[in-house]
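Enquirer:
2 protein chains.
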Amino acid sequence: MIKKVYPLSKVYRLIEPGPVVLVTTAGAKRPNIMTMSWHTMMEFEPPRIGCVLSNRNYSFDLLKASKECVINIPSMRLIDKTVKCGNVSGKKTDKFSSLCLTPEPASRVKALMIKECFSNLECRIADQQLVEKYNFFILEVLRAWIDPLRKNSRTIHHHGRGVFSCSGRKIKILSKAK
Amino acid sequence: MIKKVYPLSKVYRLIEPGPVVLVTTAGAKRPNIMTMSWHTMMEFEPPRIGCVLSNRNYSFDLLKASKECVINIPSMRLIDKTVKCGNVSGKKTDKFSSLCLTPEPASRVKALMIKECFSNLECRIADQQLVEKYNFFILEVLRAWIDPLRKNSRTIHHHGRGVFSCSGRKIKILSKAK
Numbered sequence: 000m001i002k003k004v005y006p007l008s009k010v011y012r013l014i015e016p017g018p019v020v021l022v023t024t025a026g027a028k029r030p031n032i033m034t035m036s037w038h039t040m041m042e043f044e045p046p047r048i049g050c051v052l053s054n055r056n057y058s059f060d061l062l063k064a065s066k067e068c069v070i071n072i073p074s075m076r077l078i079d080k081t082v083k084c085g086n087v088s089g090k091k092t093d094k095f096s097s098l099c100l101t102p103e104p105a106s107r108v109k110a111l112m113i114k115e116c117f118s119n120l121e122c123r124i125a126d127q128q129l130v131e132k133y134n135f136f137i138l139e140v141l142r143a144w145i146d147p148l149r150k151n152s153r154t155i156h157h158h159g160r161g162v163f164s165c166s167g168r169k170i171k172i173l174s175k176a177k
Numbered sequence: 000m001i002k003k004v005y006p007l008s009k010v011y012r013l014i015e016p017g018p019v020v021l022v023t024t025a026g027a028k029r030p031n032i033m034t035m036s037w038h039t040m041m042e043f044e045p046p047r048i049g050c051v052l053s054n055r056n057y058s059f060d061l062l063k064a065s066k067e068c069v070i071n072i073p074s075m076r077l078i079d080k081t082v083k084c085g086n087v088s089g090k091k092t093d094k095f096s097s098l099c100l101t102p103e104p105a106s107r108v109k110a111l112m113i114k115e116c117f118s119n120l121e122c123r124i125a126d127q128q129l130v131e132k133y134n135f136f137i138l139e140v141l142r143a144w145i146d147p148l149r150k151n152s153r154t155i156h157h158h159g160r161g162v163f164s165c166s167g168r169k170i171k172i173l174s175k176a177k
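Protein chains in written order, with numbering that gives the first Met the number 0: chain Y, 0 to 177; chain Z, 0 to 177.
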């Protein structure tokens with residue numbers, strides 16, 4: 000299925016529930032992928048996402064240098080690759096190749112998108128004043144993509160030490176919340 | 000059931016999956032409660048949580064003034080009250096009373112804990128340098144509580160516009176991740 004552009008005003012609906020995501024970055028030697036769950040929405044539109052990348056991770060250096068990344072959202076069917084991705088470093092491994100994930104060019108950033116993920120958010124750093132003290136990056140989403148046939152995919156949620164849960168069925172409740 | 004102290008080193012396991020939480024704050028007139036989903040872990044221990052509270056919310060002023068709050072984690076059984084809490088302002092309403100939620104004194108902060116929530120995290124502001132620009136507070140968790148009989152409660156996840164999902168069953172996958 001070909002992905003469609005997803006409205007920036009709706010990006011918070013993907014990130015707010017707290018899914019484990021795969022962050023891709025571009026590098027001179029090879030691209031990288033890392034697994035991440037420490038993120039939060041910070042603004043609706045233009046969508047801003049705050050996230051923590053450990054400075055022990057190779058992706059930290061790549062993001063800091065390139066100032067760009069893609070946040071790729073895997074569904075439950077990718078849980079094995081998502082966990083494996085978090086268990087190896089990209090310093091010496093091409094994770095696209097070792098995990099059999101398909102790279103797709105993004106439109107606004109050099110980082111690659113992961114085809115198998117049902118949604119991809121092209122991001123650039125908007126503010127890095129908390130990077131040194133907290134490893135905390137504030138990203139702005141420049142363009143978002145979604146597979147319209149898989150937009151209700153079950154996402155992966157991490158409870159620590161390899162314990163995960165899958166997002167359950169959706170229900171609608173009358174709410175004034177955005 | 001009486002709650003027990005929960006190790007600070009494990010707090011990330013509660014917040015990382017992205018649950019909707021209820022933030023309680025103390026105020027001179029009355030305490031307040033607000034519904035929040037824009038939060039992320041920032042450090043394991045001492046646990047730090049970054050979160051966005053809109054400056055249009057009454058709780059924003061109370062948190063800024065008191066520098067303390069409790070993050071209360073509701074399970075799915077509290078979804079109706081959780082949504083209602085997000086639909087009214089605490090400026091003129093005592094939400095504990097109007098939502099029939101039971102206040103419990105906390106041990107380290109003046110903000111009250113919500114008895115019906117299966118976990119409560121007593122927090123104080125650790126860093127407010129991004130409050131003015133982004134409404135982003137960095138909190139340190141001083142003490143955490145959990146109901147041992149309900150520690151695997153299903154949590155609530157918000158997908159925008161009143162659409163929620165419930166966290167699904169947990170699975171364990173071999174992982175080097177903390």
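Don't be surprised by glycine CBs; every beta carbon is placed ideally from N, CA and C.
1) Given the structure, does residue 172 of chain Y come close to the ligand MG, in the sense that its CB is under 7 Å from one of the ligand's heavy atoms?
2) Within 10 Å of its beta-carbon, does residue 121 of chain Z have 16 or more other beta-carbons around it, so buried, or fewer, so exposed?
3) Would you report the Cα separation of residue 68 of chain Y and residue 161 of chain Y, rounded to the nearest angstrom?
4) Using 8 Å for Cβ pairs, my map puts residue 144 of chain Y next to residue 4 of chain Y. What's the rounded Cβ distance?
5) So is residue 47 of chain Z buried or exposed if we call it buried at 16+ other beta carbons inside 10 Å?
6) Can you find a C-beta in chain Y that's less than 8 Å from the C-beta of residue 16 of chain Z?
7) Closest Cβ-Cβ distance between residue 163 of chain Z and chain Y: below 8 Å?
8) For residue 73 of chain Y and residue 153 of chain Y, what's the separation of their Cα atoms in angstroms?
9) Is the beta carbon of residue 159 of chain Y sitting closer than 8 Å to the one on residue 12 of chain Z?
10) Within the 8 Å Cβ cut-off, does residue 98 of chain Z reach chain Y?
11) Of all the alpha helix (DSSP H) runs that stay within the bounds of the stretch 105 to 161 of chain Z, which reach a length of 4 or more residues?
12) Going along the chain, which residues of the stretch 33 to 53 of chain Z sit with their C-beta nearer than 8 Å to a C-beta in chain Y?
13) List the whole-angstrom C-beta distance separating residue 110 of chain Z from residue 18 of chain Z, where the pair is believed to meet the contact cut-off of C-beta under 8 Å.
14) To the nearest angstrom, how far is the alpha carbon of residue 96 of chain Z from that of residue 60 of chain Z?
15) Can you confirm whether the stretch 80 to 87 of chain Y touches the stretch 48 to 56 of chain Y when touching is taken to mean that 3 or more C-beta pairs between the two stretches lie within less than 8 Å?
16) Quick check on residue 134 of chain Y: buried or exposed, where buried means 16 or more other Cβ atoms within 10 Å of its Cβ?
17) Alpha carbon to alpha carbon, how far is residue 176 of chain Y from residue 86 of chain Z? Give it in angstroms, no decimals.
18) Among Z:70, Z:6, Z:62, Z:137, which residue has its Cα nearest to the Cα of residue 35 of chain Z?
19) Excluding the 5 residues flanking residue 157 of chain Y on each side, which residues of the same chain have their C-beta closer than 8 Å to its C-beta?
20) I'd like to know whether the C-beta of residue 170 of chain Z is nearer than 8 Å to at least one C-beta of chain B.
21) Buried or exposed: where does residue 42 of chain Y fall if 16 or more other Cβ atoms within 10 Å of its Cβ makes it buried?
22) Pull the bridge partners of residue 31 of chain Y from the DSSP assignment, please.
23) Who are the neighbours of residue 26 of chain Z on chain Y, taking C-beta pairs under 8 Å?
24) Measuring straight from C-alpha to C-alpha, what distance separates residue 76 of chain Y and residue 38 of chain Y?
25) Kindly identify the DSSP beta-bridge partner or partners of residue 189 of chain Z.
26) If we ignore side chains and look at the alpha-carbon of each, how far apart do residue 112 of chain Y and residue 166 of chain Y end up?
27) CA-CA distance, residue 130 of chain Z and residue 136 of chain Z?
28) In whole angstroms, what separates the C-alpha of residue 32 of chain Y from that of residue 78 of chain Y?
29) Kindly indicate if chain Y contains any beta-carbon less than 8 Å away from that of residue 88 of chain Z.
30) Using alpha carbons as the reference points, say which of Z:140, Z:128, Z:119, Z:118 lies closest to residue 8 of chain Z.
31) Can you name, in chain order, every residue of its own chain whose Cβ lies under 8 Å from the Cβ of residue 6 of chain Z, other than the five neighbours on each side?
32) On a Cα-Cα basis, can you pick out the residue from Z:118, Z:24, Z:117, Z:123 that is closest to residue 45 of chain Z?
33) Got a sec: which bits of the stretch 64 to 83 of chain Y sit with their beta carbon under 7 Å from any beta carbon on chain Z, in order along the chain?
Expert: Judging by the given coordinates:
1) Among the components of this structure there are no ligands whatsoever, and the ligand MG is therefore not found.
2) buried
3) 25 Å
4) 6 Å
5) buried
6) yes
7) Closer than 8 Å: yes.
8) 9 Å
9) yes
10) Chain Y contact via Cβ: absent.
11) 130 to 133
12) So the close ones are 34, 36, 37, 38, 39, 40, 41, 42, 47, 49, 50, 51.
13) In fact, because the Cβ distance is near 19 Å, the residues do not count as touching under 8 Å.
14) 21 Å
15) no
16) buried
17) 7 Å
18) Out of Z:70, Z:6, Z:62, Z:137, Z:70 has the C-alpha closest to the C-alpha of residue 35 of chain Z.
19) Excluding sequence neighbours, residue 157 of chain Y sits near 19, 36, 163.
20) Absence of chain B from the displayed structure is noted, the protein chains being Y and Z.
21) With 16 or more other Cβ atoms inside 10 Å of its own Cβ, residue 42 of chain Y counts as buried.
22) Y:24
23) Neighbours of residue 26 of chain Z on chain Y: none; closest Cβ ~22 Å, over 8 Å.
24) 21 Å
25) The question about residue 189 of chain Z has no answer here: the residues shown for chain Z are numbered 0 through 177.
26) 23 Å
27) Answer to the nearest angstrom: the Cα atoms are 6 Å apart.
28) Going by the C-alpha atoms only, they are around 14 Å apart.
29) no
30) Z:140
31) 143
32) With distances taken between Cα atoms, residue 45 of chain Z lies closest to Z:123.
33) Residues 78, 82.
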